[in-house]
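Take the sequence shown: its position 163, counting from 1, is numbered 163 in UniProt numbering, and each next residue is one higher. What follows is a set of notes on a single structure, which appears directly below.
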Amino acid sequence: MHKVICACVKSKVRSPSVCLDGCQERLRPITEIEASSPPPPPRGRRRRQVKVEYDEDDGASRVKAEHWEPPDWTKQLGFIREMRSGRDAPVDNMGAEKCYDTQAPAHVRRFQVLVSLMLSSQTKDQVTGAAMQRLRAHGCTAENIVATDDKKLGELIYPVGFWRNKVKFLKQTSAMLVTEFGGDIPNSVEGLVRLPGVGPKMAHLAMDIAWDQVSGIGVDTHVHRISNRLGWLKKPTKNPEDTRKALEEWLPRELWSEINWLLVGFGQQVCLPVSPLCSVCLNQYSCPSAHKCSPAKRPKPGSPRSPGPSRKFKVESEPEQESDGRSKSAANQKPPD
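What follows is the structure, encoded as structure tokens:
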């Protein structure tokens with residue numbers, strides 16, 4: 001005798017005619033093989049089809065989508081190179097690359113690069129260059145700085161900005177260099193920022209100039225200001241260190257060494273802190289900040305501010321310092337007694 005099962009697959013029954021569960025389905029005999037096989041899905045319900053899709057090279061596309069760079073930056077950089085082609089800005093003649101004694105031993109040259117960077121903070125290149133000439137004539141080595149009394153050292157570096165603090169930092173740094181490095185400077189950013197009065201900007205520039213190693217972008221007030229004006233940052237930054245990090249996220253590494261020299265000179269001659277010369281700037285049509293801070297009056301013909309096809313980007317006198325409230329305090333300091 002065959003077993004019977006309801007067509008709705010709910011229960012086995014004794015009666016060969018009606019399902020006890022009340023579905024009123026006719027029963028049909030099944031073989032032992034059918035009874036042992038898994039029941040079919042209920043009628044009226046269909047399996048949902050699952051579509052599986054694979055993204056090709058998903059990792060690479062994600063990285064590409066997240067990459068950001070400012071629009072027109074290559075064209076703007078080319079124009080800045082053109083405007084800086086004369087190499088006649090103060091930084092070109094009196095920057096840290098020009099302040100050391102080329103005939104001195106290598107470790108002394110590196111020390112002098114660091115000293116010039118320390119003096120240049122909040123100070124025009126002309127003032128830094130003159131102070132370095134006096135120091136070199138006196139004997140600008142770590143050992144000699146340690147042996148020089150504070151009064152004499154102050155006379156040598158005055159009137160650099162915050163000269164009293166810099167006398168203290170120079171003495172402390174020189175003593176550390178004599179004790180720990182034999183009068184040389186550290187060859188790493190980590191070692192340099194340990195020195196009193198040395199920050200990230202000075203450390204990256206010292207690595208580039210003194211050790212010929214590109215460790216990062218040297219961002220001073222000029223690079224900070226111009227990068228924000230040009231829109232070279234994903235979002236505006238409030239200090240040079242944030243600007244450095246933002247620039248290094250997208251700017252090709254092979255440009256890290258050049259960008260400081262380009263933008264500093266550009267900021268000294270054209271993109272001034274106050275009243276930038278937008279009318280003679282080749283980027284005036286692509287710069288989002290163009291003509292927002294320019295002089296209200298049109299410059300006189302023949303003046304350095306006058307535009308024209310044969311214009312030359314002459315050196316303009318910079319304000320004593322950036323308009324951050326620190327210039328007056330630095331300018332009003334009295335010379336050493």
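We put the CB at the ideal spot given by N, CA and C, even for glycine. Here the structure is a predicted model, which is why all the values come from computation and not from measurement.
- Straight through space, the alpha carbons of K151 and R253 are spaced by roughly 43 Å.
- Secondary structure note for H204: its alpha helix (DSSP H) is the uninterrupted segment 200-209.
- Between K166 and L119, the CB-CB gap stays under 8 Å.
- With respect to the 8 Å criterion, D208 and S257 are classified as neighbours on the basis of their beta carbons.
- Between the beta-carbon of W73 and that of W232 there is about 6 Å, and that keeps the pair under the 8 Å contact cut.
- Between I217 and R244, the gap from beta carbon to beta carbon is short of 8 Å.
- The criterion of a C-beta distance shorter than 8 Å is satisfied by H222 and G267.
- Residue state for D101 is assigned as coil, using DSSP reduced to three classes.
- Minimum Cα-Cα distance from A206 among the listed residues V113, W163, A89 corresponds to V113.
- The three-state reading of DSSP puts H67 in coil, since its state is none of H, G, I, E or B.
- Across the structure, W68 and G129 are spaced so that their CA atoms are roughly 39 Å apart.
- If only complete runs of 4 or more residues are kept, the segment 204-261 shows the alpha helix (DSSP H) at 221-230, 240-250, in order along the chain.
- Within the same chain, and ignoring the five residues on either side of K234 in sequence, the residues whose Cβ sits closer than 7 Å to its Cβ are W68, A246.
- Within 10 angstroms of the beta-carbon of H204 lie 16 or more other beta-carbons, which makes it buried.
- Bounds of the alpha helix (DSSP H) holding F111 are 106-120.
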